[in-house]
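As structure tokens, the structure follows; a few thoughts come after it.
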Amino acid sequence: MTWWNDNRLRLIQNNLRETDADLDVDLLIQELSEFNTNVLMMNAGGIVAFYPSTLEYQYISSSLNKDLLGETISKAHEAGMRFIARFDFSKAHESIYAKHPEWFYRTKAGDAVNYHGIVHTCLNSDYQQEYSLKMIDEVLGRYPVDGVFFNMFGYKTQDYSGKEYGLCYCENCSTRFREMYGLSLPEQANDKDPNFSAYKLFQEKTTRDMLDRIHDFVKAKNPDVAISTYHHHKVDIIRKESNTALFRSHPIWLYSASENVMSVENSWSDKLVSNCSINAIDLQYRFTGVSQYESQIRLYENIAAGSGLDFCIIGQFEDYTDRGNFQSVKEIFQFHRDHERYFGDLRPLSDVVLIKPNGLNKSASREYLGVFKMLKEQHVVFDVMEQDAFYEKFEALCGVQALIVPGLSSMEPSQFDLLAQLREAGVHLIATGRALSDNPDALARLFGAKLEGVLDQTDAAYVQINDRSLFPSFTDRDWLIVSGKFGYVSYEQESKSRTQAHLPFVAPSTFGPPERAFGHQLTQWAGLGFIDHGDSGGKSLYYPWNIGELYYKHGYEDHKIVLTDVLDSLIDSVLITDAPPSVELFLHQLPDGSTMVQLINLSGFNGVTYHKPLPISNIRVSITRLNTPKGAKLLRGEKPIDLIIEENGDVSFTLDALEQYEAIVLNTGMV
């Protein structure tokens, strides 16, 4: 078993500046030990080497007067820490550009991107294709590193100020794209360009090809060296980040760490996820940290969703200008160290699986995030699976009650086949956001549906609540707003199926001035097709509009309820609670059969600012389908908690107070 397989990383990354090459390693190790760190990630090479490299085209830090990398690795190992060497091949020093300009990215006008003396390279150049392996080889040959991490892997078209330069038009890209597809590079990164769809495939295939080569090279040198980057192909540890940016559009995403971890944990059994809580507010403000309450939420979400801990600062601790988060980070790292036997192998007990769109379905990301938010707030116990991985999970998916496809316009035939098999096996299929609109055959096969057209302009359009037995939460509201595209969908009437059209579409009409706010008409189209196939299989539900995106962007509860009311009628929930939506809840089984419930208090978040959460009292949780537990305890303080065993076998408890985070272990095993 490899060292990372226990999934109990407490990783800290010191993201070095060139001027940190003379840092005090003994002091660094002492500081890391105070955090209970068991993995250190630090710069090795690429843009700047922090060791005396002998390679001609490896720039060495101008501040280096010792072998910082070698000393740090040795002393980290002495302190019981693993060491991951960080590389960045996306850029190189301008002195290398002067010698090999053909290795570097080019704009459409033929210009290189030189950002303060650091120049963007190209994935398809010899620098990344060949010379990067020499850099890796030198480090692996000299030092007993435990892992390698590659920053900014793939195609990067922005500089650190956020300026967009467009696709790379260097000769390497042009030649390789023509050889693979017989096409010229697209004129722009736009789906309207006829060559751009091929270019997106080109980016993915060439990225995977390079990861194949790195994997084979590294594992041939030492199979016990972990490979990590932000892509999932041929890596051992998928790196994610919970970060902020001043110019990122709102809404602020509250569930960053949970989503980052959940989308990996349940997708690949041979990979870990390490989600890094970036302390800095933004790239240009690296020396001031985010709110301690935001940092705490990220780290608790990391372990609650099934990962370890990961925290990053720029440079060294001793001269870092914002120490406000350090104490709370230390406390969470300490909690994980003291209770790590409970973490790292959390097994799902989910009712629902949500499919995460892949890179070719990026337009569905807000639909996906909105549905994710709905399920979290409603305390639906669910897993996330990546689109590129879920088709291999038939047996695991047969154990859930419903699967949600949020806005994915296209899928592979193998993925369609799996969805059909799952429905036949009794799993309910739910599609939102005009999913599968680019695959009419799949739409017909899975939902008996045909997309007749799309209405782009829906200002002043609505859907009408026509069946309050299906939507019991709407007692005093008849119309729900529609905004964005709405699909006109017809449904086949097969002999063995029965389709019910719900949420009839109310066509747009005049809305101003007030004297002209009338004239709306019901249409033949519906906001929900509910298909009962008449066999023992699951039902199919199709929403031809963007309920997830609307909820993500605007937060009107109507758009959540039109999904969650229906979901409540379809599934027998494993967990029921009276916790408010501002509590995030997790339910897992431990390896010995015990059950762990984790709760995070999100009440301090007001939509923009993270404040100290308000204590929440007397939260009741009831769990079904459990073996009768022998007892239960709170992990914080190791205190027992009373259980109530209902006549039907359900197990209930009441948490007296939730301050920030709590974990309850229901002991049905040997924990």
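Here the working numbering is used: position 493 in the sequence shown is 516, and no number is missing along the way. Glycine included, C-beta positions come from ideal geometry on N, C-alpha and C.
Check your understanding: Do residue 398 and residue 428 come within 8 Å of each other at the CB atom, strictly closer than that value?
Key -> no
| Does the Cβ-Cβ distance between residue 496 and residue 573 come in under 8 Å? | no
Have a look at 394, 391 and 450 and flag the residue whose alpha-carbon is nearest the alpha-carbon of residue 418. 450
To which residues does DSSP link residue 262 through a beta bridge?
297
Practice task
Could you check the C-alpha separation between residue 119 and residue 626 for me, to the nearest Å?
Solution key: 51 Å
* Buried or exposed: which applies to residue 25, given that a residue is buried once 16 or more other Cβ atoms fall within 10 Å of its Cβ? -> exposed
CB-CB under 6 Å to residue 675, same chain, minus the five flanking residues each way: which ones, in chain order? 645 and 667
First through last residue of the beta strand (DSSP E) which encompasses residue 109
105–111
### Message
Please classify residue 283 as buried or exposed, where buried requires at least 16 other C-beta atoms within 10 Å of its C-beta.
### Response
buried
TODO: Hey, could you find the ends of the alpha helix (DSSP H) residue 587 is sitting in?
DONE: 580–593
Q) Who are the Cβ neighbours of residue 546 in its own chain at under 6 Å, not counting the five residues just before and after it? A) 528 and 530
Margin query: Measuring straight from C-alpha to C-alpha, what distance separates residue 278 and residue 612?
Written below: 22 Å
Subject >> residue 336 - DSSP class collapsed to helix/strand/coil >> reply: strand
Buried or exposed: residue 34, going by 16 or more other Cβ atoms within 10 Å of its Cβ?
buried
8 Å CB neighbourhood of residue 57 in its chain, flanking five on each side removed: 353
- Query: Roughly how many whole angstroms lie between the Cα atoms of residue 686 and residue 316?
  - Reply: 18 Å
**Request:** Ignore the nearest five residues each way along the sequence and tell me which others in residue 39's own chain have a CB closer than 7 Å to its CB.
**Result:** 65, 66, 73 and 338
>> Taking the alpha-carbon of residue 178 as reference, which of 285, 253, 172 and 92 has the nearest alpha-carbon?
In response: 253
- Let me know the secondary structure DSSP gives residue 633 once reduced to three states. strand
Please state the DSSP three-state secondary structure of residue 376.
strand
- Query: Going by alpha carbons, who is nearest to residue 251 out of 245, 677, 238 and 391?
  - Reply: 238
Quick check on residue 568: does DSSP put it in helix, strand or coil?
strand
Review point. Pick from 569, 318, 575 and 532: whose alpha carbon is nearest that of residue 634?
Key: 318
**OP:** In the DSSP assignment, find the unbroken alpha helix (DSSP H) run with residue 101 in it and report its ends.
**Re:** 91–101
ask   = For residue 266, which residues from the same chain have a beta carbon less than 7 Å from its beta carbon, with the 5 sequence-adjacent residues on both sides left out?
value = 301
- Message: By the three-class DSSP mapping on this structure, what secondary structure does residue 544 have?
- Response: coil
*Return helix, strand or coil for residue 410, following the three-state DSSP convention.*
coil
Discussion item. Report the CB separation of residue 695 from residue 593 in whole angstroms; it is logged as a contact under 8 Å.
Written reply: In the structure as shown, the chain begins at 24 and stops at 694. Residue 695 is therefore absent and cannot be evaluated.
Checklist line | Contact check, residue 526 vs residue 589, beta carbons under 8 Å | finding: no
ask   = Start and end of the alpha helix (DSSP H) containing residue 325?
value = 315–328
Original post:
Taking the Cβ atom as the reference point for each residue, do residue 151 and residue 233 lie within a distance shorter than 8 Å?
Top reply: yes
On the CB-based measure, 16 or more other CB atoms within 10 Å of its CB, does residue 445 come out buried or exposed? buried
Cβ-based neighbour list, residue 511, same chain, cut-off 6 Å, excluding 5 preceding and 5 following: 475, 476 and 548
ask   = When we look at the beta-carbon of residue 693 and count the other beta-carbons within 10 Å, is it buried (16 or more) or exposed?
value = Any reading at residue 693 must be qualified, since the residue scores a pLDDT of 40, below 50, and its modelled position is unreliable; no value is offered.
### Message
Going by DSSP in three states, residue 119 sits in which element: helix, strand or coil?
### Response
helix
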